[in-house]
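Notes follow the structure.
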Amino acid sequence: MQIDLTGRTAVVTGGASNIGRGISLKLADAGAHVLIVDKDLEQAQRTASLRPGSISVKECDLSDLTQVQALGARLGAEGKADILVSNAGWVRSVNFIEKDLGEMDFELRLNLQAPLLLARLLVPGMAERGWGRIVSVASEAGRAGQRTQVAYSAAKAGILGMTRSLSHEVGRRGVTVNAVSPAMTIPESREEIGAGSMQQQRDRPPELMARIIKAYPMGRVGHPSDIAAAVTFLASEEASFITGQTLAVNGGFITT
Ligand SMILES: NC(=O)c1ccc[n+]([C@@H]2O[C@H](COP(=O)([O-])OP(=O)(O)OC[C@H]3O[C@@H](n4cnc5c(N)ncnc54)[C@H](O)[C@@H]3O)[C@@H](O)[C@H]2O)c1
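The numbering of the sequence shown is the numbering used here, which starts it at 284 and goes up by one.
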């Protein structure tokens, strides 16, 4: 299927590294103009340089809701954001009873409140123009549960609630709202990750990876391009009758 997003503008949070980088490149290849919003300006610029003229970057710490509000208000006023991909996320795995309260609050702000706030500020313009796409990157942790990731899972499950509820409000205005839910997704090369990526701290020994892969019916974990393909499809015209849904892109790791 040839997806054509020519003339559309997409905002991709966390678009500098890994999954977000894959999404930014794929949307640009489909003809969209992409605005990467990321705290890691250096890596965002490296990613943008791969598609000259098609990707621009904006530095923003999405865990700081004052910055998110200012950015969302500006983008809303500009009236160009047709596609919002809320992808930026972060988790530190630790037993819930040991979880630092400040870190818990941080995870809720970045993984749930920032995507809600951006959607709230960008959806009115989409509705007014009669076309829009909200695609959020959730997590299988938010659907199935994951020990040591309680606050993160709560935030990701919240994203699914936002997706379902908002879809009911804006469908008649031409706006679809969907989520893509990855399981383990790792970059194929170090170039795909910058200083802001969680994957910097996640070098897994080959024996551990071999054990993990056994749980994946497709015989491998995910790559950013797998998630990017699903996001780009949901952002397309071809997906205009799909809304309120969560598409699990997990190699069969979870089948419900
Ligand atoms: N990789 C996985 O295995 C996996 C699995 C399930 C869900 N997810 C979800 O997919 C999304 C992307 O994950 P990833 O593995 O590519 O992450 P990553 O850590 O590799 O990259 C995240 C990107 O977001 C940016 N970012 C992080 N915190 C930010 C902040 N406060 N403000 C602005 N930008 C910030 C980083 O600079 C980076 O570019 C996340 O929402 C994550 O929860 C990932």
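Cβ atoms here follow ideal geometry from the backbone N, Cα and C, with glycine treated the same way. Keep in mind that this is a model prediction, so the values were computed, not measured.
Segment contact, 8 Å Cβ cut-off, at least three pairs: the region 455 to 472 with the region 503 to 516: The answer is yes - the region 503 to 516 touches the region 455 to 472, with three or more Cβ pairs under 8 Å.
Close Cβ partners of M409 (< 7 Å) along its chain, the five nearest in sequence each way excluded: Within the sequence shown, residue 409 is the residue found at index 126, counting from 1. Correct list, in chain order: D365, G415, V458.
Cα-Cα separation, Q285 to H316: For the purposes of this step, residue 285 is identified with residue 2 of the sequence shown, where counting begins at 1. For the purposes of this step, residue 316 is identified with residue 33 of the sequence shown, where counting begins at 1. In this structure, the alpha-carbon of Q285 lies about 17 Å from that of H316.
Beta-carbon proximity of V320 to K341, cut-off 8 Å: Within the sequence shown, residue 320 is the residue found at index 37, counting from 1. Within the sequence shown, residue 341 is the residue found at index 58, counting from 1. Taking 8 Å as the Cβ cut-off, V320 and K341 qualify as a contacting pair.
Pairwise C-alpha distance: Q432 and G535: On the sequence shown, position 252 is the one that residue 535 refers to. On the sequence shown, position 149 is the one that residue 432 refers to. If you take the alpha carbons of G535 and Q432, they lie about 21 Å apart.
Rounded separation between K363 and L491 - CA only: Taking the sequence shown and counting its residues from 1, the one referred to as residue 363 is at position 80. Taking the sequence shown and counting its residues from 1, the one referred to as residue 491 is at position 208. L491 has its alpha-carbon roughly 45 Å from the corresponding atom of K363.
Residue environment, N370, which counts as buried when at least 16 other CB atoms sit within 10 Å: Here residue 370 is taken as the residue at index 87 of the sequence shown, counted from 1. Around the beta-carbon of N370, 16 or more other beta-carbon atoms lie within 10 Å, marking it buried.
heavy atom of ligand 1 below 7 Å from Q528 C-beta: Here the question's residue 528 lines up with position 245 in the sequence shown. Q528 Cβ: outside cutoff for every heavy atom of ligand 1.
Cβ contact (3+ pairs, closer than 8 Å) linking the region 346 to 360 and the region 306 to 315: Because the criterion of three Cβ pairs below 8 Å is not met, the region 346 to 360 and the region 306 to 315 do not touch.
N-terminal and C-terminal residue of the beta strand (DSSP E) that V504 is part of: Looking up residue 504 in the sequence shown gives position 221. DSSP places V504 in no beta strand (DSSP E); its state is neither H nor E.
Residue(s) in a DSSP beta bridge with A462: Locating residue 462 in the sequence shown gives position 179, counting from the first residue. S419, T529.
C-beta atoms of E386 and R375 nearer than 8 Å: For the purposes of this step, residue 386 is taken as residue 103 along the sequence shown, with counting starting at 1. For the purposes of this step, residue 375 is taken as residue 92 along the sequence shown, with counting starting at 1. At the C-beta level, E386 and R375 come within 8 Å of one another.
Buried or exposed (CB count within 10 angstroms, at least 16 for buried), R455: Position 172 of the sequence shown holds residue 455. R455 comes out exposed.
Three-state secondary structure assigned by DSSP to A364: Residue mapping note: residue 364 aligns to position 81 of the sequence shown, counting from 1. A364 falls in the strand class under three-state DSSP.
Secondary structure of K471, DSSP reduced to three states: As a first step, residue 471 is located in the sequence shown; it is residue number 188 there, counting from the start. One detail in the question is off: residue 471 reads as Glu in this sequence, not Lys. Here E471 sits in coil by DSSP.
Residue environment, D323, which counts as buried when at least 16 other CB atoms sit within 10 Å: Position 40 of the sequence shown holds residue 323. Counting Cβ neighbours within 10 Å, D323 comes out buried, since at least 16 surround it.
Exposed unless 16 or more other CB atoms sit within 10 angstroms - verdict on T330: What you label residue 330 is simply residue 47 of the sequence shown in a count that begins at 1. By the Cβ-count criterion, T330 is buried, with 16 or more other Cβ atoms from all chains shown falling within 10 Å of its own Cβ.
Straight-line gap, V295 to I306 (C-alpha atoms, nearest Å): Here the question's residue 295 lines up with position 12 in the sequence shown. Here the question's residue 306 lines up with position 23 in the sequence shown. For V295 and I306, the gap between their C-alpha atoms comes out near 8 Å.
Enclosing alpha helix (DSSP H) for A410 [first to last residue]: Along the sequence shown, read from residue 1 onward, the residue named residue 410 stands at position 127. Start and end: 397 to 412.
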